Amino acid sequence: MLAQCRTAAYAQTLHTSPEVTDALPKLVLLGTPKLMQRSPAVNPDDITSLSFQRELETLKQCMIRYGGIGIAGPQIGWYQRVFCFGLFKAAERYPALNPDTLPFQYWINPVVNPANDSRPSWFWEGCLSVPDISGWVERPDKVIVEGYDGEGQWCQLELDGIAARVLQHEYDHLDGVLFPSRVSKPTHLVPNELFKFKETWARDWPTPAARECPKGQLWYAE
Ligand SMILES: [Zn+2]
Numbered sequence: 001m002l003a004q005c006r007t008a009a010y011a012q013t014l015h016t017s018p019e020v021t022d023a024l025p026k027l028v029l030l031g032t033p034k035l036m037q038r039s040p041a042v043n044p045d046d047i048t049s050l051s052f053q054r055e056l057e058t059l060k061q062c063m064i065r066y067g068g069i070g071i072a073g074p075q076i077g078w079y080q081r082v083f084c085f086g087l088f089k090a091a092e093r094y095p096a097l098n099p100d101t102l103p104f105q106y107w108i109n110p111v112v113n114p115a116n117d118s119r120p121s122w123f124w125e126g127c128l129s130v131p132d133i134s135g136w137v138e139r140p141d142k143v144i145v146e147g148y149d150g151e152g153q154w155c156q157l158e159l160d161g162i163a164a165r166v167l168q169h170e171y172d173h174l175d176g177v178l179f180p181s182r183v184s185k186p187t188h189l190v191p192n193e194l195f196k197f198k199e200t201w202a203r204d205w206p207t208p209a210a211r212e213c214p215k216g217q218l219w220y221a222e
């Protein structure tokens, strides 16, 4: 039995207290060398400090302001092994994404591994650091993550479905990996503009399954 992390409820109460008074940092985009490098670990003793808590709050505010469902420290120039993801209300365009399927959570110095019974799944991934492009990316649908939460408590959690997908995407950022490196072929990258004309795509472009799978939903081979 895996220990459960406290997620949305505590995060909302704890991390609304430190005020973010400065203007929010800008997004760091694809092509910035430091975004493509491995970031160093956080000193766990720092997590409960006021300055670190303010950084966490800034990270969360950036995710909300820039309209992401997850964000990693390096994407706002905070080059440490920290990210958050999750929703506080349902995503307007993607009904499968809501606070139940994607509860808000922070992860610090995480270690992520596929669960023994995970299955391959596909998903149209996007990224705040890669504007206007989506990629058809395969990843395991269930993972086990260990790491510190936003209060500095070490915890272990099994995640599946959309939450496992978003977590793996954010975890990649800590190693400087962006989703265009995760597509199996360059043709599996598609400008977002083209999704409006999906019915006109060739049946097998970029793959038959990708054409039929709505954004925001996982697709399985069987
Ligand atoms: Zn990203």
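Start counting the sequence shown at 1; every next residue gets the next number (the UniProt record's numbering). The beta-carbon is built from N, C-alpha and C at its ideal position, and this holds for glycine as well. Keep in mind that this is a model prediction, so the values were computed, not measured.
Is Ser129 a contact residue of ligand 1, with contact defined as CB to any heavy atom under 8 Å? Counted from its first residue, the sequence shown places residue 129 at position 129. Yes, since a heavy atom of ligand 1 falls inside the 8 Å radius drawn around the Cβ of Ser129.
Which partner residues of Gln75 appear in the DSSP bridge assignment? Within the sequence shown, the letter at position 75 stands for residue 75. In the DSSP output, where bridge partners are listed per residue, Gln75 has none listed.
Is Leu189 close to ligand 1? I mean its beta-carbon at under 8 Å from any heavy atom of the ligand. Indexing the sequence shown from 1 puts residue 189 at position 189. No, ligand 1 has no heavy atom inside 8 Å of this Cβ.
Beta carbon of Phe123: closer than 8 Å to some heavy atom of ligand 1? Within the sequence shown, the letter at position 123 stands for residue 123. The answer is no for Phe123.
Could you check how far apart the C-beta atoms of Gly147 and Ile108 are, in whole angstroms? I think they sit under 8 Å. Translated into positions along the sequence shown, residue 147 becomes position 147. Translated into positions along the sequence shown, residue 108 becomes position 108. Confirmed, about 6 Å.
Suppose contacts are defined by Cβ-Cβ distances below 9 Å. Is Arg139 in contact with Ala164 by that definition? Stepping through the sequence shown from its first residue, residue 139 is reached at position 139. Stepping through the sequence shown from its first residue, residue 164 is reached at position 164. Yes; because the gap between Cβ atoms is below 9 Å, this pair is in contact.
Can you check which of these residues, Lys185, Ala221 and Tyr79, is closest to Ala41 by C-alpha distance? Here the question's residue 41 lines up with position 41 in the sequence shown. Comparing Cα positions, the closest option is Tyr79.
Is DSSP giving Gly68 helix, strand or coil here? Reading the sequence shown from its first residue, position 68 is the one you call residue 68. Correct three-state label for Gly68: coil.
Determine whether the beta carbon atoms of Ile144 and Val190 lie at a separation below 9 Å. In the sequence shown, counting from the first residue as 1, residue 144 sits at position 144. In the sequence shown, counting from the first residue as 1, residue 190 sits at position 190. No, these two residues do not count as a Cβ contact at 9 Å.
Best match in Phe85, Tyr106 and Pro110 for proximity to Asn98 [C-alpha to C-alpha]: Taking the first residue of the sequence shown as 1, we reach residue 98 at position 98. When each option's Cα is compared against that of Asn98, the closest is Phe85.
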